[in-house]
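Undergrad: To start, I am sharing the structure in question, which I have written as structure tokens.
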Amino acid sequence: MRHLLSVLLLLLCAIGLGARDLHDPSLFDHPVSVDDSAFRSTLGRVADGSPWVASFTQVKQIHGVKRTFKSTGTMLLQPGKGIAWLIEKPFASELVVGSDYLLQRLPGRAETWMELGENPIFTTISQTISLLFQGDPEALDEAFHISFSTEDGRWYLALKPKKKEIASFVESFTMEGEEVVEGLVMAEKNGDSVTYLFDHIEKRSLTDAEASHF
Amino acid sequence: MRKPAISKRAGLLVWAAFHLLLLLAFLARGSFALSADLADMVPSSGEGRAVAQVARSLSSEQGKQVTLLFSSTDWDAAKSAALAFQNQDGDLFVSFEHGGAVDVAAISEELGKWKWQLLDPETRNLVQEGKSAQVRDDALALIYGSFTFHSLDNLEHDPFLLGERESRALLSVLSGMSKVAPKDGLLAAQSGGTWYAMVRGTLRDEVRKMSNRTDIERLFSDAETIASSHGARVFFSGVSLHTWESTQRTKAEVTLISTASIIAVLLLFLIAFHSLSLVLLFLADILLAALTAVLAGFAAFGTLHLLTLVFVTSLIGTCVDYSVHFAVHSLGSGDPLLVRDRMLKSVSVSFLSTLFCYGLLALAPYTPVKEIAVCCMAGLSSSYLTSMFLYPWLFERLPLSRIRLLVLPKRKTMSGRTWKLCAVLLLGGVALLAALSLPRLHVANDIASLYTMSDRMKKGEVTLARATGLADSATLIVSGQNENEVLEHEERFIEKANEARLGHVLATSIFVPSEQTQRENLAASGRLLDEELDTLSAYLELDASVVRADWEEMKGRMLRVEDLPPGLGSLLGQLWLGRSGDVCYSVLLVAGPKDPARLETLADECEGVWYLDTRRAVSSALDQLSRQILILLFCSLVVVPAMLGLSYGWKRSALAMLSPLVILLGTLGAMMCIEGSVGFFTVSSLVLVLGLGLDYVVFVVDAKNTADEEWNKSRLALWLSFLTTLVSFGTLALSSFAPTRLFGLSTSVGLLLAFVFAALVSFHRS
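Put into structure tokens, the structure is as follows:
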């Protein structure tokens with residue numbers, strides 16, 4: 103029952119945004135050249151190099167156990183430093199993807215710290231996640247086959263990895279939004295997916311407390 | 017007419033039989049080869065025999081691998097250069113490996129079904145301390161969190177995410193061991209903004225053994241050209257590449273040293289004899305002796321090290337001594353056979369004393385030294401037989417009567433007072449040198465100082481260590497009666513090493529715990545299920561019976577080394593050596609050991625664990641060997657005077673009997689002053705100094721009572737003998753190869769001292 107409710111909630115979220123389903127395969131039917139002016143201007147507008155703070159809802163859809171796990175928290179984007187996911191409910195945890203490290207904190211436990219320079223796999227994960235938010239069309243084009251479309255003032259970006267090392271952990275990324283990224287789906291090869299729905303997005307400088315996560 | 021002591025025919029037969037027998041022995045050996053392997057140059061270290069054998073086989077396997085690092089700030093440039101090299105020079109390799117890099121997530125997923133047996137130590141401790149709820153809460157935080165190594169697909173079977181915890185523990189060990197991971201089908205590392213694409217492979221045997229001398233040359237030049245054309249740089253590492261570079265240098269030096277020696281020696285002969293035909297005869301003698309030396313070496317050992325050939329070049333100056341003595345005394349002196357008879361005693365004593373000294377070297381438990389000793393003994397024997405049995409026959413037939421010998425200035429006499437002053441100065445100088453340096457005498461060998469890397473290889477090794485962390489680890493060998501005992505020994509050592517924070521330890525038991533540990537892990541897993549499974553399953557809406565059934569099915573099973581997934585292949589190949597005879601062995605690696613001395617002490621304290629410090633073990637073996645040779649040398653202080661006394665009478669040779677003492681103490685003292693300590697190669701050279709230096713004294717004692725004309729001839733022969741030998745060893749002192757240089761230097765110093773002492777003995781005559 104809870105499983106069903108979670109799926110319904112996810113659908114309602116998507117409908118609430120007045121958007122297309124980010125799992126829709128037709129999003130990949132709009133290949134775009136990296137020189138496309140609409141694509142470039144949208145990307146420049148969305149990722150303008152300013153920091154963000156946003157609330158988010160994360161929904162993990164696990165194919166193998168046929169259920170979803172939903173959690174909520176705050177995302178911090180500090181250009182040049184990285185991205186932090188601070189999950190608050192139902193169980194607190196923290197993931198920071200820094201420019202050269204990956205850090206995970208669980209309450210009451212020693213933190214897991216990974217120097218990215220020591221591990222190309224995590225470097226790839228970090229760089230890929232950074233790519234999605236840094237708005238560099240050439241870098242995106244180098245790593246992904248890009249599809250881009252617009253509808254009712256909203257934009258949709260669908261990315262399939264060109265590189266084997268990225269394809270080894272992700273099947274595709276789909277993103278949507280207006281002025282900022284409002285939704286992101288990371289689909290894995292085994293059918294699992296993670297959906298992020300962002301709201302209360304603020305483009306502002308991080309407070310000292312927020313910046314201390316990096 | 018007086019009959020010769022040994023007839024011409026008998027002499028020729030002995031000469032021919034000796035050379036024929038050696039030729040037959042060489043042919044009977046069937047196969048022969050030259051070795052350039054640096055590993056063959058060092059003696060086996062002092063560990064137990066079986067462990068030493070395992071260590072040798074381990075280093076032999078490691079020696080087959082070479083590593084090339086293509087570097088660039090742009091990963092694609094480094095990668096394309098590495099791939100282009102693999103395509104172009106793949107024929108030089110048996111295979112390219114991914115050793116040292118493991119896809120942790122893939123391995124842990126494959127080991128997933130053994131999660132109960134593989135519980136990580138932290139989780140086991142939490143459960144044993146009654147903190148199972150912490151394990152449950154961690155699992156929930158990870159499931160609802162943003163990042164897990166493993167897919168959550170297997171949640172139904174592993175709701176506590178034990179596999180995830182094991183992955184993290186494993187990753188913590190592996191990241192401490194190496195900064196290398198798979199990327200784009202290659203091994204990659206990143207350091208200081210530079211990407212490194214690694215090509216690591218096992219060279220084909222024929223390439224490694226340099227059957228075709230251009231193969232490794234091609235490897236170097238292709239890699240450099242490809243790197244340059246892709247905007248990348250390339251760094252090299254690997255024993256085979258060091259060996260190749262060392263071999264090229266050694267070959268060039270053998271050619272240079274032998275050419276320089278031969279030219280210098282022949283020029284000396286031309287000046288002394290004014291006869292090209294006689295010089296060519298000497299040249300033939302040198303070549304025959306050198307050929308005999310090499311044939312004897314192959315006949316005795318099958319394989320000769322290139323280093324041996326460098327030392328054999330010293331024969332050029334030593335083996336010709338007997339021929340020179342014979343030629344000088346026989347020219348213009350009538351029947352060569354009678355001249356031979358007159359000289360036979362002194363030349364034979366000289367030959368036997370040198371042979372005795374080489375014989376001492378042949379006792380050394382170190383193959384290259386044995387090779388050098390056997391080769392030189394054979395070469396000297398050939399030259400002795402040639403000068404004593406072939407030359408008398410040849411000299412009868414060759415038109416040598418018109419040869420004019422160099423006439424030395426007339427001997428100056430020395431008053432008794434002057435002689436005493438010289439004697440006091442020489443003996444007092446030697447005594448003072450000995451008194452100052454011998455109390456500080458210590459034997460010190462460091463094999464690392466014996467080999468100097470080229471700039472190219474040094475940069476390669478430094479870059480490999482810095483960028484990948486692969487080169488910087490200590491190796492220990494672990495043994496046990498069976499697989500389980502080896503794993504138990506490993507675990508005991510790892511526990512103590514972790515307590516002492518000695519560095520990240522990588523061993524087979526990290527992937528396969530011992531049976532005892534697996535039993536403890538199963539018990540802790542069972543307790544975790546009893547205490548927290550129902551709560552967790554209820555929250556996650558999972559069927560708890562699936563997990564219980566899984567645990568019940570696995571609780572009676574033990575994970576074995578053979579069950580490990582193939583993805584661990586190359587890493588496991590480095591760690592698990594398996595059974596050899598009645599004993600099982602494994603390798604334990606400690607990354608960036610913080611305190612090697614503590615590591616060694618810990619290994620001594622732990623049963624079945626040996627710390628493998630090849631550099632120190634070999635140096636220590638050389639120290640022991642050097643001390644043994646020194647003891648034998650001091651024994652010669654008794655043997656040599658006795659030989660002289662018995663041959664020439666105790667009174668006549670009284671002063672000469674001091675010669676070994678003067679030569680030994682003087683050379684040791686001088687080398688202590690120059691080097692600060694004496695090492696194996698200096699001590700070995702003393703053996704030769706004694707053997708060759710005594711010759712001068714023997715010839716002087718023998719010629720003491722002869723007429724002026726004979727005495728002048730003896731002087732000329734002695735000078736020629738001394739100068740040719742000094743040229744041979746002096747050129748060795750110019751070698752860039754440290755052992756050769758040390759050997760040449762100490763031999764030259766010793767021979768100079770021996771010659772001066774022989775001069776002192778000669779003036780005593782007056």
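Quick note, the sequences are listed as chains A and B, same order.
Here the working numbering is used: the first sequence runs in plain steps of one and ends on residue 316.
Here the working numbering is used: the second sequence runs in plain steps of one and ends on residue 782.
Think of the CB as a built atom: it goes at the ideal place given N, C-alpha and C, for glycine as much as any other residue.
From A268(B) to A460(B), what does the alpha carbon distance come to, in whole angstroms?
TA: The alpha-carbon atoms of A268(B) and A460(B) are separated by roughly 29 Å.
Undergrad: Which residues of the region 149 to 174 of chain B have a Cβ closer than 9 Å to any Cβ of chain A? Give them in chain order.
TA: So the list reads Q150, D153, D154, L156, A157, L158, I159, Y160, G161, S162, F163, S167, L168, D169, N170, L171, E172, given in the order they occur along the chain.
Undergrad: Are there three or more Cβ pairs, one per stretch, closer than 8 Å when the region 725 to 741 of chain B is compared with the region 341 to 359 of chain B?
TA: Contact holds: three or more Cβ-Cβ distances are below 8 Å.
Undergrad: Let me check one thing: in DSSP terms, what residues is H341(B) bridge-paired to?
TA: Bridge partners of H341(B): none, in fact.
Undergrad: Return the chain-ordered list of same chain residues with a C-beta closer than 6 Å to the C-beta of H246(B), the five sequence neighbours on each side being excluded.
TA: Correct list, in chain order: A93, S96, A97.
Undergrad: Within a Cβ cutoff of 6 Å, which residues of the same chain sit near K305(A), ignoring the five residues on either side of it in sequence?
TA: Taken in chain order, the residues that qualify are S152, W154.
Undergrad: Let me know the beta strand (DSSP E) ranges lying completely inside the region 647 to 723 of chain B, each 3 residues or longer, listed in chain order.
TA: Complete beta strand (DSSP E) runs here, min 3: none at all.
Undergrad: On the DSSP bridge list, what partners appear for M177(A)?
TA: Answer is A156(A), W187(A), bridged to M177(A).
Undergrad: From what residue to what residue does the beta strand (DSSP E) around I493(B) run?
TA: That run of the beta strand (DSSP E) goes 489 to 496.
Undergrad: Which class does E138(B) belong to by DSSP, given the choice of helix, strand or coil?
TA: DSSP places E138(B) in helix when its eight states are reduced to three.
Undergrad: On the premise that F696(B) lies in contact with L646(B), defined as a C-beta separation below 8 Å, what is that separation, rounded to the nearest angstrom?
TA: That belief does not hold up - the Cβ atoms of L646(B) and F696(B) are roughly 10 Å apart, past 8 Å.
Undergrad: Tell me the DSSP bridge mates of A205(B)?
TA: Paired residue(s): Y212(B).
Undergrad: Would you be able to state if there are at least three C-beta pairs under 8 Å between the region 492 to 504 of chain B and the region 597 to 605 of chain B?
TA: Verdict: yes, contact present.
Undergrad: Rounded to whole angstroms, what's the CA-CA distance from Y212(B) to L605(B)? Just pull it up for me.
TA: Straight-line Cα distance between these residues: approximately 23 Å.
Undergrad: If contact means a Cβ-Cβ distance below 9 Å, which residues of the region 152 to 172 of chain A contact chain B?
TA: Correct list: Q160, K162, I164, H165, G166, V167, R169, F171, K172.
Undergrad: From L558(B) to V167(A), what distance separates their C-alpha atoms?
TA: Cα to Cα, the separation comes out at about 8 Å.
Undergrad: Return the residues of the region 540 to 557 of chain B that lie within a Cβ-Cβ distance of less than 7 Å from chain A, sorted by chain order.
TA: Taking 7 Å as the Cβ-Cβ cut-off against chain A, the residues of the region 540 to 557 of chain B that qualify are E557.
Undergrad: In three-state DSSP terms, what is F250(A)?
TA: In this structure, F250(A) counts as strand in the three-state DSSP scheme.
Undergrad: Grab me the residues of D639(B)'s own chain with a C-beta within less than 6 Å of its C-beta, minus the 5 sequence neighbours each way, in chain order.
TA: Result list for D639(B): V459, N461, in chain order.
Undergrad: Return the Cβ separation of A194(A) and P181(A) in integer angstroms, given the expectation that the two are a contact with Cβ distance under 8 Å.
TA: Between P181(A) and A194(A) the Cβ distance is about 26 Å, and since that is not below 8 Å, they are no contact.
Undergrad: Using a beta-carbon distance below 7 Å, is L259(A) in contact with chain B?
TA: False, the Cβ-Cβ gap to chain B never drops below 7 Å.
Undergrad: Would you decide whether F285(B) is buried or exposed? Buried here means 16 or more other CB atoms lie within 10 Å of its CB.
TA: It counts as buried.
Undergrad: Closest Cβ-Cβ distance between D138(A) and chain B: below 7 Å?
TA: Chain B contact via Cβ: absent.
Undergrad: So, are the CB atoms of A6(B) and G395(B) less than 7 Å apart?
TA: Examination of residue 6(B) is not possible in this model, given that chain B is present from 17 through 782 alone.
Undergrad: Just the C-alpha distance for G200(A) and E312(A), rounded to the nearest angstrom, thanks.
TA: So the two alpha carbons sit approximately 14 Å from each other.
Undergrad: Quick check: the Cα distance between S553(B) and G594(B), rounded to an integer number of angstroms?
TA: If I take the Cα positions, the gap works out to 42 Å.
Undergrad: Keeping to the same chain, check which residues put their C-beta closer than 6 Å to that of V223(B); ignore five residues upstream and five downstream.
TA: Taken in chain order, the residues that qualify are L108, D231.
Undergrad: Is the region 443 to 454 of chain B close to the region 202 to 222 of chain B, with three or more CB pairs under 8 Å?
TA: In short, these stretches do not touch, since the Cβ pair count stays below three.
Undergrad: Alpha carbon to alpha carbon, what distance is there between S752(B) and R356(B)?
TA: If I take the Cα positions, the gap works out to 41 Å.
Undergrad: Using a Cβ-Cβ cut-off of 7 Å, state whether D202(A) counts as contacting chain B.
TA: It does not; no Cβ of chain B falls within 7 Å.
Undergrad: Looking at chain B, is there any beta carbon in it that lies within less than 7 Å of the beta carbon of S195(A)?
TA: By this cut-off, S195(A) is an interface position.
Undergrad: Exposed or buried, H302(A), counting other C-beta atoms within 10 Å across all chains shown (16 or more means buried)?
TA: Exposed, since its Cβ has fewer than 16 Cβ neighbours within 10 Å.
Undergrad: Taking K262(A) as part of the beta strand (DSSP E), name the residues at either end of that continuous run.
TA: Taken as a continuous stretch (DSSP letters only), the beta strand (DSSP E) holding K262(A) covers 256 to 263.
Undergrad: Can you pull the DSSP bridge partners for G217(B)?
TA: Paired residue(s): V82(B), F112(B).
Undergrad: Contact defined as beta carbons within less than 8 Å: I believe Y627(B) pairs with A619(B). What is the distance between those atoms, to the nearest angstrom?
TA: Going by Cβ atoms, the distance from Y627(B) to A619(B) rounds to 4 Å, so yes, they are a contact pair.
Undergrad: With DSSP collapsed to three states, give me the class of A117(B).
TA: Reliability of the predicted coordinates at A117(B) is poor, the pLDDT of 49 falling under 50, and no value is obtained from them.
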